[in-house]
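Novice: Numbering (this note's numbering), first residue to last: 679 to 891.
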Amino acid sequence: MHSGKPARERLLDAAHELMGTIGLARATTKEIARAAHCSEAALYKYFAGKEDLFVRVLAERLPKLTPLLTALTAEPGGRPLEENLTEIARRAALFYEESFPIAASLYAEPQLKRRHHEAMRELGTGPHLPIEDLDRYLRAERAAGRLRPDADTFAAASLLLGACAQRAFAYDAAAPGARPPVDDFARRLARTLLTGLLAASGAETGEVSRPGR
679 MHSGKPARER LLDAAHELMG TIGLARATTK EIARAAHCSE AALYKYFAGK EDLFVRVLAE
739 RLPKLTPLLT ALTAEPGGRP LEENLTEIAR RAALFYEESF PIAASLYAEP QLKRRHHEAM
799 RELGTGPHLP IEDLDRYLRA ERAAGRLRPD ADTFAAASLL LGACAQRAFA YDAAAPGARP
859 PVDDFARRLA RTLLTGLLAA SGAETGEVSR PGR
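See the structure below:
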């Protein structure tokens with residue numbers, strides 16, 4: 679017996695589970711449909727294929743970053759920068775931590791990787807977009823006077839998201855518990871990044887908490 683969820687939701691749940699346990703390459707549409715208690719034909723009613731389903735899993739089942747960045751960009755100058763960047767780093771770290779085991783198998787099959795990239799381009803998405811979104815938010819804060827006028831926002835966005843992705847990759851083979859706790863990691867990353875971004879008056883106005891305070 680399956681839950682009372684609509685078929686599309688069951689398919690996303692099943693895909694998320696299988697892609698996380700056996701990998702994207704081995705999770706066939708037939709197995710996903712069976713786990714969701716649907717026919718394979720029903721799967722293709724909602725999704726163009728496995729690649730499309732994978733993109734939807736990333737967008738709908740993993741921690742979301744885009745809505746947060748969109749909201750922050752619309753209203754720069756609000757909450758403290760350290761608080762904003764900490765939350766951005768926390769969500770990004772969780773996203774990469776959950777998506778890395780799913781996506782890793784892409785690189786074992788060049789044809790699957792190519793089809794996946796084609797699916798992302800057709801849907802107007804891709805792993806580069808969070809960097810562009812974060813860069814856009816930081817530029818808005820720079821325009822609002824909360825960052826140094828010469829702050830390199832693209833480099834800062836790349837560093838923050840790159841560190842979050844590296845946290846997922848570097849500790850994937852480590853012993854359980856070795857990966858830095860996400861909340862502490864996000865807080866330290868945001869604080870360190872801000873030391874190079876803040877306007878001269880930022881430290882004086884309490885934008886960054888100094889160590890020991």
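Built from N, CA and C at the ideal position, the CB exists for glycine as well.
#1: How far does the alpha helix (DSSP H) with Y849 in it extend, from its first residue to its last?
#2: Determine the DSSP secondary structure at L696, reduced to helix, strand or coil.
#3: Give me the Cα-Cα distance between C842 and A856, rounded to the nearest whole angstrom.
#4: Does L876 come out as helix, strand or coil in the three-state DSSP assignment?
#5: Have a look at A852 and R768 and give me their C-alpha separation to the nearest angstrom.
#6: If we ignore side chains and look at the alpha-carbon of each, how far apart do E695 and P684 end up?
#7: Which residues in the same chain as A770 place their Cβ atom closer than 6 Å to its Cβ, once the five residues preceding and following it in sequence are excluded?
#8: Which of helix, strand or coil does DSSP assign to L740?
#9: Between V733, R712, R688, R757, which has its C-alpha nearest R824's C-alpha?
#10: Pair every Cβ in the stretch 735-753 with every Cβ in the stretch 804-820, then say whether three or more of these pairs are closer than 8 Å.
#11: Does the distance from the C-beta atom of N762 to that of L750 stay below 9 Å?
#12: Along the alpha helix (DSSP H) that carries L816, what are the first and last residues, could you check?
#13: Within its chain, find whatever has a CB closer than 8 Å to the CB of A752; leave out the 5 residues flanking it on each side and keep chain order.
#14: To the nearest angstrom, how far is the alpha carbon of L702 from that of K723?
#15: Do R686 and T764 have their CB atoms nearer than 9 Å?
#16: How about L872 and P808: do their beta carbons lie closer than 9 Å?
#17: Where does L900 fall in DSSP's three states?
#18: Name the two residues that bound the continuous alpha helix (DSSP H) containing R769.
#19: Assign R704 to one of three DSSP states: helix, strand, or coil.
#20: For L875 and A834, which I take to be in contact (beta-carbon distance under 8 Å), what is that distance rounded to the nearest angstrom?
#21: Would you mind working out which of R817, A713, A821, A726 sits nearest F832, comparing C-alpha positions?
#22: Among L736, L867, R704, which residue has its Cα nearest to the Cα of D691?
Specialist: Result, derived from the coordinates:
#1: Unbroken run through Y849: none, as it is neither H nor E.
#2: DSSP, reduced to helix, strand and coil, places L696 within a helical segment of the structure shown.
#3: Just so you know, the alpha carbons of C842 and A856 end up roughly 15 Å apart.
#4: Secondary structure at L876: strand, using DSSP grouped into helix, strand and coil.
#5: Roughly 20 Å between the two C-alpha positions.
#6: In a straight line, the C-alpha of E695 is about 17 Å away from that of P684.
#7: Only L743, L839, C842 meet the Cβ criterion.
#8: Residue state, collapsed to three classes: coil.
#9: Selected option, being the one with the closest Cα: R757.
#10: Under the three-pair Cβ rule at 8 Å, the stretch 735-753 counts as touching the stretch 804-820.
#11: Judged by beta-carbon spacing, L750 lies within the 9 Å limit of N762, meaning their Cβ atoms are closer than that value.
#12: Per DSSP, L816 belongs to the alpha helix (DSSP H) from 807-821.
#13: Closer than 8 Å at Cβ, skipping near neighbours: no residue.
#14: Whole-angstrom Cα-Cα distance: 20 Å.
#15: Result no, Cβ atoms of R686 and T764 do not sit closer than 9 Å.
#16: Contact: no.
#17: Since the first and last residues shown for the chain are 679 and 891, residue 900 lies out of range.
#18: Looking at the DSSP string, the run of the alpha helix (DSSP H) that includes R769 is 759-781.
#19: The three-state reading of DSSP puts R704 in coil, since its state is none of H, G, I, E or B.
#20: L875 to A834, Cβ: 6 Å. Contact.
#21: Distance check between F832 and each of R817, A713, A821, A726 places R817 closest, using alpha-carbon atoms only.
#22: Considering only L736, L867, R704, the residue with the shortest C-alpha distance to D691 is L736.
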